[in-house]
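Protein chains in written order, with this note's numbering: chain A, 185 to 615; chain B, 757 to 840.
Shown next as structure tokens:
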């Protein structure tokens, strides 16, 4: 496998709103900036570009290109080799990237919760189904039940409906009371009210249930129907897809691997978005789930600071402060209700990679014990799906992160072996 | 049409728009992606390269994350079967 080496003054990991903003702000100061992203095109999840371009992503990318930022898509960072050196897989190449300053903009993933039948094909994340449609799947004429929690549900339902899906119902686990309080907090935000009005217009006639959640999914080989709890009663709803996500979980694996300090599962940062490691910055969802506007502002601050112009970042502090309040309101409004801990049955699979059931995990005492005894979290996703679940179900925290943080090819792992056992590799004639 | 890509999923021809991912092609062909270690059919969950449920054999290479790979003309995708 060919190895490519690159050097940047500022390296940004992640091409969503925070990463694009960080790269753009850093590049304003004439430093060499590189941006790596795992996806086929920049934009992240919210500005995902698939069969159609996204105008927000496009305009940022144009800015980056004219500023000479090198954008490396399809590039997955899997190891931190030495100080200021990351290793990544890029298509069929191994990439070694040196940097002076690093901005982590690794975004978030959906949080999934287990219930009987959640592993059936066509039971997907809400953002997951939206991504599949943006990536070329035609949802026209399909009946979709949207369930879970968080503002993403409405956005996804509206998007799918605009692409001619039939939305059977939207089931939000939060109560009407907590949504109402959230609504009042939005009255101060004209842009948010406008967004909400637009969503409601797209979703005219779609039933929206609060205090409602999926109890089980049924089907033989693929989804046929979903049982939901609504107003204390269980109803059966036939559908082709269940789009189901329980808000978001931040992607903190790379930050943890580097040794950045985390608090309550979030990357700790100072005024200019610098982590506990000097020269390593973090922006967007890994510092707290706050949505696209906050991600952009944090990215701008991190980008200026990483280019050594932290003073310029000051003008963004008041707006960041305001947007963080909104993030706090999100957390409170969409906090998961305890009933959701009771959905999994004994035979419900929690770890999808290794097919570890709820009954096998329930008797374990910690994430580490579960890994050792059951292989939970030891498959290719490395606990990215089951980790946030076991945290909610059992209160376990994921304590150790070791490279590779994503599964890598044997050839790439050979490069890791050379770091620790150079004599051994020389003996075997491997260079 | 020039903005469509022809590929094969489990030997069946599928037309996808330019920019489509292999995961979208597998779903369009009503196939599932893989079987789990205990034999359950599985398909895309996260759609963003995190969950590894969309792994499939693409042009002879096994275990590729189909949601992160774009369709290309003449591509051959192989999965264990069709949705029930």
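From the three backbone atoms N, C-alpha and C, an ideal C-beta is built for every residue, glycine too.
Quick caveat: nothing in here was measured; it's all calculated off a predicted structure.
How far does the alpha helix (DSSP H) with residue i in it reach, from first residue to last?
i, result
"residue 265(A)", "Element bounds for residue 265(A): not the alpha helix (DSSP H) but the beta strand (DSSP E), 259–266."
"residue 242(A)", "239–250"
"residue 782(B)", "778–784"
"residue 503(A)", "501–517"
"residue 316(A)", "310–318"
"residue 557(A)", "551–558"
"residue 203(A)", "201–211"
Does the distance from the C-beta atom of residue i to that of residue j stay below 7 Å?
i, j, result
"residue 278(A)", "residue 311(A)", "no"
"residue 441(A)", "residue 307(A)", "no"
"residue 580(A)", "residue 543(A)", "no"
"residue 431(A)", "residue 295(A)", "yes"
"residue 195(A)", "residue 218(A)", "yes"
"residue 392(A)", "residue 354(A)", "yes"
"residue 568(A)", "residue 825(B)", "no"
"residue 489(A)", "residue 262(A)", "no"
"residue 497(A)", "residue 456(A)", "yes"
"residue 564(A)", "residue 537(A)", "yes"
"residue 797(B)", "residue 298(A)", "no"
"residue 517(A)", "residue 366(A)", "yes"
"residue 810(B)", "residue 827(B)", "no"
"residue 804(B)", "residue 229(A)", "yes"
"residue 529(A)", "residue 472(A)", "no"
"residue 318(A)", "residue 429(A)", "no"
"residue 211(A)", "residue 251(A)", "yes"
"residue 220(A)", "residue 259(A)", "yes"
"residue 478(A)", "residue 525(A)", "no"
"residue 238(A)", "residue 231(A)", "yes"
"residue 491(A)", "residue 287(A)", "no"
"residue 463(A)", "residue 285(A)", "yes"
"residue 840(B)", "residue 404(A)", "yes"
"residue 493(A)", "residue 275(A)", "no"
Could you give the first and the last residue of the continuous beta strand (DSSP E) run that contains residue i?
i, result
"residue 192(A)", "186–197"
"residue 570(A)", "Where residue 570(A) is concerned, there is no enclosing beta strand (DSSP E), although the alpha helix (DSSP H) it sits in stretches over 570–578."
"residue 494(A)", "First-last for residue 494(A): undefined, no H or E at that position."
"residue 293(A)", "292–294"
"residue 762(B)", "760–765"
"residue 813(B)", "811–814"
"residue 270(A)", "269–274"
"residue 818(B)", "817–821"
"residue 466(A)", "464–466"
"residue 772(B)", "768–773"
Take residue i and list the residues in its own chain whose beta-carbon comes closer than 8 Å to its own, dropping the five residues that flank it on each side.
i, result
"residue 586(A)", "441"
"residue 418(A)", "399, 411, 412"
"residue 759(B)", "773, 774"
"residue 559(A)", "535, 538, 540"
Name the one or two DSSP bridge partners that residue i has.
i, result
"residue 332(A)", "356(A), 429(A)"
"residue 350(A)", "327(A)"
"residue 392(A)", "354(A)"
"residue 254(A)", "218(A)"
"residue 451(A)", "446(A)"
"residue 397(A)", "413(A)"
"residue 546(A)", "In the DSSP output, where bridge partners are listed per residue, residue 546(A) has none listed."
"residue 285(A)", "194(A)"
"residue 541(A)", "533(A)"
"residue 788(B)", "837(B)"
"residue 403(A)", "407(A)"
Considering only residues of the same chain and omitting the five flanking positions on each side of residue i, which have a CB-CB separation below 7 Å?
i, result
"residue 583(A)", "551, 552"
"residue 616(A)", "The structure shown does not extend to residue 616(A), since chain A spans only 185 to 615, so no value can be given for it."
"residue 784(B)", "770, 772"
"residue 821(B)", "805, 808, 810, 811"
"residue 641(A)", "Residue numbering for chain A in the displayed model covers 185 to 615; residue 641(A) lies beyond these limits and cannot be assessed."
CB-CB under 6 Å to residue i, same chain, minus the five flanking residues each way: which ones, in chain order?
i, result
"residue 283(A)", "192, 195, 268"
"residue 613(A)", "Note that residue 613(A) has pLDDT 49, beneath the 50 cutoff, so the model's placement of it is unreliable and no number is given."
"residue 790(B)", "798, 811"
"residue 765(B)", "781, 782, 785, 787, 833"
"residue 190(A)", "281"
"residue 779(B)", "800, 810, 822, 823"
"residue 574(A)", "580"
"residue 813(B)", "834"
Taking 6 Å as the cut-off, is the CB of residue i close to at least one heavy atom of the ligand NAD?
i, result
"residue 825(B)", "For the structure depicted, the ligand NAD is absent and the ligand set is empty, with no information on it obtainable."
So which residues on chain C does residue i lean against when the C-beta distance must stay under 8 Å?
i, result
"residue 766(B)", "Although the question refers to chain C, the structure presented lacks it and instead comprises the protein chains A and B."
### Message
Check whether the stretch 412–424 of chain A and the stretch 280–299 of chain A touch, using three or more Cβ-Cβ pairs below 8 Å as the test.
### Response
As far as the Cβ criterion goes, the stretch 412–424 of chain A does not touch the stretch 280–299 of chain A, which means the pair count is below three.
### Task
Decide yes or no for the touch test of the stretch 822–838 of chain B against the stretch 345–359 of chain A: beta carbon pairs closer than 8 Å, at least 3 of them.
Counting C-beta pairs with one atom in each stretch, the stretch 822–838 of chain B and the stretch 345–359 of chain A have fewer than three that are closer than 8 Å, which means they do not touch.
### Segment contact, 8 Å Cβ cut-off, at least three pairs: the stretch 221–241 of chain A with the stretch 772–780 of chain B
Between the stretch 221–241 of chain A and the stretch 772–780 of chain B, the count of C-beta pairs closer than 8 Å reaches three or more; the two stretches touch.
### Query
Does the pairing of the stretch 474–488 of chain A with the stretch 197–215 of chain A give three or more beta-carbon distances under 8 Å?
Yes, the stretch 474–488 of chain A touches the stretch 197–215 of chain A.
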